[in-house]
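Undergrad:
Numbering (my numbering), first residue to last: 3 to 346.
(1) One question on the structure: do residue 217 and residue 117 come within less than 8 Å of each other, judged by their Cβ atoms?
(2) Would you give the residue range spanned by the alpha helix (DSSP H) that residue 102 belongs to?
(3) Who are the near neighbours of residue 58 in its chain, counting only those whose CB is closer than 6 Å to its CB and skipping five residues on each side?
(4) Measuring CA to CA, which of 95, 247, 272, 124 is closest to residue 40?
(5) Note down the Cα distance separating residue 318 from residue 274, rounded to an integer number of angstroms.
(6) For the beta strand (DSSP E) containing residue 287, name the first residue and the last one.
(7) Please report the distance separating the alpha-carbon of residue 241 from that of residue 115.
(8) Pick from 202, 121, 204, 223: whose alpha carbon is nearest that of residue 44?
(9) Flag residue 79 as yes when its Cβ comes closer than 7 Å to any non-hydrogen atom of the ligand ATP, and as no otherwise.
(10) Please list the terminal residues of the continuous alpha helix (DSSP H) segment that includes residue 1.
(11) Classify residue 59 as helix, strand or coil using the three-state DSSP reduction.
(12) In the DSSP assignment, what residue or residues form a beta bridge with residue 243?
(13) Check the C-beta distance from residue 288 over to residue 301 and give it rounded, since I have them as a contact under 8 Å.
(14) With respect to the alpha helix (DSSP H) encompassing residue 179, which residues constitute its N-terminal and C-terminal limits?
(15) Using a Cβ-Cβ cut-off of 7 Å (strictly less than) and excluding sequence neighbours within five positions of residue 82, which residues of its own chain qualify?
(16) Tell me which residues share the same chain as residue 119 and place their Cβ nearer than 8 Å to its Cβ, disregarding the 5 neighbours each side in the sequence.
(17) If you draw a straight line from the alpha carbon of residue 229 to that of residue 246, how long is it in whole angstroms?
(18) Would you list the residues sitting across from residue 155 in a DSSP beta bridge?
(19) Classify residue 120 as helix, strand or coil using the three-state DSSP reduction.
(20) Quick check: what's the CA-CA separation for residue 145 versus residue 166?
(21) Need the endpoints of the alpha helix (DSSP H) that residue 195 sits in, please.
(22) State the start and end residues of the unbroken beta strand (DSSP E) segment that holds residue 267.
(23) Taking contact to mean at least 3 C-beta pairs separated by less than 8 Å, is the stretch 183-194 in contact with the stretch 137-157?
(24) According to DSSP, residue 226 sits in a beta bridge with which residue or residues?
(25) Thinking just about the alpha-carbon of each residue, which of 50, 237, 46 is nearest to the one in residue 37?
(26) Report the three-state DSSP secondary structure of residue 280 (helix, strand or coil).
(27) Report the three-state DSSP secondary structure of residue 390 (helix, strand or coil).
(28) Please report how far the alpha carbon of residue 266 lies from the alpha carbon of residue 225, in whole angstroms.
(29) I'd like to confirm the pairing. Which residues does DSSP put opposite residue 301 in its beta bridges?
(30) Nearest chain C C-beta to residue 58 closer than 8 Å, yes or no?
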């Protein structure tokens, strides 16, 4: 009996601990730059990037087209208030970063014996700031033609080759390239992160609740619970029956960005609604929760609330049949009329 009680206690603690961890308020901010550059084709930009803070695009650069754009009003205000910051981004986009990148892709092409054809060099570089500890960690990952090639270890100041043939390229990546990368991860990007957080605090700390819909493709398809327009992206959604979360037959979808800076997600449940009796429909519901776990949005399973496209398809088929019958009748009428005129 004691062993059983201990097992039940451990199970309860594990459930509580899981929920606490999942709904712990966001304790970190992450600034990432997604960088792309290419060679071998005039239509491929030699250097471009998108800066993303906590899932929100903040700045865009295209060196080939001489474009540097703030993607948020508060970033534009930052550039207007601090011309030196704007000048730093401009110089980096059109000169310093592009020079580093174009020389690197040229050296990699030669080292990998890929001097001809189109080649793409990709990079994800950024910093994560932990609000609780104050710790700032930097990261950098390089990819070449859609395959990982190097990671950078900031603590040891070394490149980690991700392919055997790149171990011999480590000397090529040393010297000034290590110094430049370390300066980005220890000085430049952390400073940019603090500036963005200062100017974008009100926008980044906002809470936007979504609209939730029930969707079904065909009468035999699973029912999906779809939420769109929420912010931030720390959210979860689940199905319940009689207030208990359903785990079987559930297909959790990923959280995807919308064009307006909000997010969307779907979760389907393998539930044959045609077999659910009328009185049992109210036993099922979909629950959407943001990271704070408050103000849940609960959507009950309701046949009249399910949005489908098979009904409209069915109506289109019926309409097509009706139109076809009308055309046949008209055709027969015209045929008989002409036939009568011929034999008159």
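Cβ atoms here follow ideal geometry from the backbone N, Cα and C, with glycine treated the same way.
TA: Quick look at the numbers:
(1) Position 215 of the chain shown, counted from the first residue, corresponds to residue 217. Position 115 of the chain shown, counted from the first residue, corresponds to residue 117. In this structure, residue 117 does not lie closer than 8 Å to residue 217 by Cβ.
(2) Looking up residue 102 in the chain shown gives position 100. Run containing residue 102: 99-113, per the alpha helix (DSSP H) assignment.
(3) In the chain shown, the residue the question calls residue 58 occupies position 56. Within the same chain, residue 58 has close Cβ partners 263.
(4) As a working note, residue 40 is residue 38 in the chain shown. The shortest C-alpha separation from residue 40 is found at 124.
(5) Locating residue 318 in the chain shown gives position 316, where the first residue counts as 1. Locating residue 274 in the chain shown gives position 272, where the first residue counts as 1. In this predicted model, residue 318 has a pLDDT of only 47, less than 50, meaning its place in the structure is not dependable enough to derive any value.
(6) Along the chain shown, one-based indexing puts residue 287 at 285. Residue 287 -> beta strand (DSSP E) spans 286-292.
(7) Here residue 241 is taken as the residue at index 239 of the chain shown, counted from 1. Here residue 115 is taken as the residue at index 113 of the chain shown, counted from 1. C-alpha separation (whole angstroms): 54 Å.
(8) Against the chain shown, residue 44 aligns to sequence position 42. With distances taken between Cα atoms, residue 44 lies closest to 121.
(9) Although the ligand ATP was asked about, the structure shown includes no ligands whatsoever.
(10) A query on residue 1 cannot be resolved here, the shown segment of the chain reaching from 3 to 346 and no further.
(11) Taking the chain shown and counting its residues from 1, one reaches residue 59 at position 57. In the structure shown, residue 59 sits in a strand (DSSP, three-state: E or B).
(12) Here the question's residue 243 lines up with position 241 in the chain shown. Partner(s): 246, 286.
(13) Along the chain shown, read from residue 1 onward, the residue named residue 288 stands at position 286. Along the chain shown, read from residue 1 onward, the residue named residue 301 stands at position 299. Taking the Cβ atoms as the reference, residue 288 lies roughly 5 Å from residue 301, within the contact range of under 8 Å.
(14) Working through the chain shown from its first residue, we reach residue 179 at position 177. Element bounds for residue 179: 178-185.
(15) The residue given as residue 82 occupies position 80 in the chain shown. For residue 82, where only same-chain residues beyond five positions count, there are no Cβ hits under 7 Å.
(16) Along the chain shown, one-based indexing puts residue 119 at 117. Excluding sequence neighbours, residue 119 sits near 42.
(17) Position 227 of the chain shown holds residue 229. Position 244 of the chain shown holds residue 246. Each residue's alpha carbon lies about 20 Å from the other.
(18) Here residue 155 is taken as the residue at index 153 of the chain shown, counted from 1. 160, per the DSSP bridge assignment.
(19) As a working mapping, residue 120 is identified with position 118 in the chain shown. Three-state result, residue 120: coil.
(20) Taking the first residue of the chain shown as position 1, residue 145 is located at position 143. Taking the first residue of the chain shown as position 1, residue 166 is located at position 164. In a straight line, the C-alpha of residue 145 is about 14 Å away from that of residue 166.
(21) Residue 195 sits at position 193 when you count from the first residue of the chain shown. Counting along the chain, the alpha helix (DSSP H) containing residue 195 begins and ends at 191-201.
(22) Looking up residue 267 in the chain shown gives position 265. 265-271 is the span of the beta strand (DSSP E), which, as asked, contains residue 267.
(23) Taking 8 Å as the limit for Cβ pairs, the verdict is that the stretch 137-157 does touch the stretch 183-194.
(24) Locating residue 226 in the chain shown gives position 224, where the first residue counts as 1. Residue 226 pairs with 217, 270.
(25) For the purposes of this step, residue 37 is taken as residue 35 along the chain shown, with counting starting at 1. Minimum Cα distance to residue 37 is reached at 50.
(26) As a position in the chain shown, residue 280 is number 278, starting the count at 1. It is helical.
(27) Because the chain is modelled from 3 through 346, residue 390 falls outside the range shown and cannot be assessed.
(28) As a position in the chain shown, residue 266 is number 264, starting the count at 1. As a position in the chain shown, residue 225 is number 223, starting the count at 1. Computed Cα separation, rounded: 17 Å.
(29) As a first step, residue 301 is located in the chain shown; it is residue number 299 there, counting from the start. DSSP, once it has assigned bridges, lists 288 as partnering residue 301.
(30) Absent from the structure is chain C; it holds one protein chain and no more.
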